[in-house]
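Chemist: Sequences listed follow chains A and B, in order.
Heads up: the first sequence begins at 1 in the working numbering, then just goes up one per residue.
Heads up: the second sequence begins at 1 in the working numbering, then just goes up one per residue.
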Amino acid sequence: DTEVTQTPKHLVMGMTNKKSLKCEQHMGHRAMYWYKQKAKKPPELMFVYSYEKLSINESVPSRFSPECPNSSLLNLHLHALQPEDSALYLCASSQDQAGARGYGYTFGSGTRLTVV
Amino acid sequence: AQSVAQPEDQVNVAEGNPLTVKCTYSVSGNPYLFWYVQYPNRGLQFLLKYITGDNLVKGSYGFEAEFNKSQTSFHLKKPSALVSDSALYFCAVRDPKPGDTNAGKSTFGDGTTLTVKP
């Protein structure tokens, strides 16, 4: 299995809702990432988990809450989002976070989130 | 700080012609460089990377890229473009610093939309 699977593919939520995005990989990768991408823009890093521990939080608002239950799963819990949070949310994984190793990322297809 | 620039928002080529998508970078040390492709409504797909060694690296779908240290460039090339190559292409750079937690972060360029016309 060489894929990163994200569910759901599309999500519409109100500003008072609570929802979660899910990401799964079975490649044995020990680093997992959440990115936010607006249309035709580069992905923006949100969070990095390394060996199931939060390694990097790019000053993301607390209405986004990541969780890594095990080495294969990564969740992003959403609460009280704003319309400007509408975007494509991408999950990625790599063998290791260590910058000294040149691992590329494997990306999922993303969740298209619309906040109304 | 690391940065990467893709000077062209859009590249148009005719099918069968060679294509080049440009990328320049800035890092304090020796860079790790990557190219990714994104098709509409999909995630990014890894194409190729330069870590060390041969300056010409070959990747997926017939793409290759040449690392030029003196010009700090890593241009993506393909000898003969296909209509199916039409997509958004991102160059990314990582400055490896052993022991640095932030060393795993890649910086992406703004992207170049490649359109290949029949």
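All C-beta atoms, glycine included, are put in the ideal place defined by N, C-alpha and C.
Rank A87(A), S55(A), T2(A) by C-alpha distance to the C-alpha of H10(A) and give the top, closest one.
Modeler: Among A87(A), S55(A), T2(A), the Cα nearest to that of H10(A) is on A87(A).
Chemist: Taking Y32(B) as the query, report the chain A residues whose CB atoms sit under 7 Å from its CB, ordered along the chain.
Modeler: By Cβ distance, chain A contributes G102.
Chemist: Return no unless some Cβ of chain A is closer than 8 Å to the Cβ of F108(B).
Modeler: So yes, F108(B) belongs to the interface.
Chemist: On the DSSP bridge assignment, give the partners of L45(A) in chain order.
Modeler: Paired residue(s): Y35(A).
Chemist: By the 10 Å Cβ neighbour count, where 16 or more other Cβ atoms means buried, how is M15(A) classified, buried or exposed?
Modeler: Burial call: exposed.
Chemist: Judging by CA-CA distance, which residue of R112(A), Q6(A), G108(A), G102(A) is the nearest neighbour of D85(A)?
Modeler: That would be R112(A), whose Cα lies nearest to the Cα of D85(A).
Chemist: Examine chain B for any beta-carbon lying closer than 8 Å to the beta-carbon of P43(A), and answer yes or no.
Modeler: Interface residue, yes.
Chemist: Mind pulling the chain A residues with CB within less than 9 Å of G111(B)?
Modeler: Residues of chain A passing the Cβ test: K40, K41, P42.
Chemist: Anything in the segment 4-36 of chain A with a Cβ closer than 7 Å to a Cβ of chain B? List those residues in chain order, please.
Modeler: Against chain B - using a Cβ distance shorter than 7 Å - the residues of the segment 4-36 of chain A are A31.
Chemist: Excluding the 5 residues preceding and the 5 following L81(A) in the sequence, name in chain order all residues of the same chain whose CB lies nearer than 7 Å to its CB.
Modeler: M13, M15, R63, V115.
Chemist: Which one of N17(A), K18(A), H29(A) has the shortest CA to CA distance from N70(A)?
Modeler: Among N17(A), K18(A), H29(A), the Cα nearest to that of N70(A) is on H29(A).
Chemist: In whole angstroms, give me the CA-to-CA distance for S20(A) and P61(A).
Modeler: S20(A) and P61(A): Cα-Cα distance of roughly 15 Å.
Chemist: What does the alpha-carbon distance come out to for the pair G16(B) and A87(B)?
Modeler: One C-alpha to the other measures close to 16 Å.
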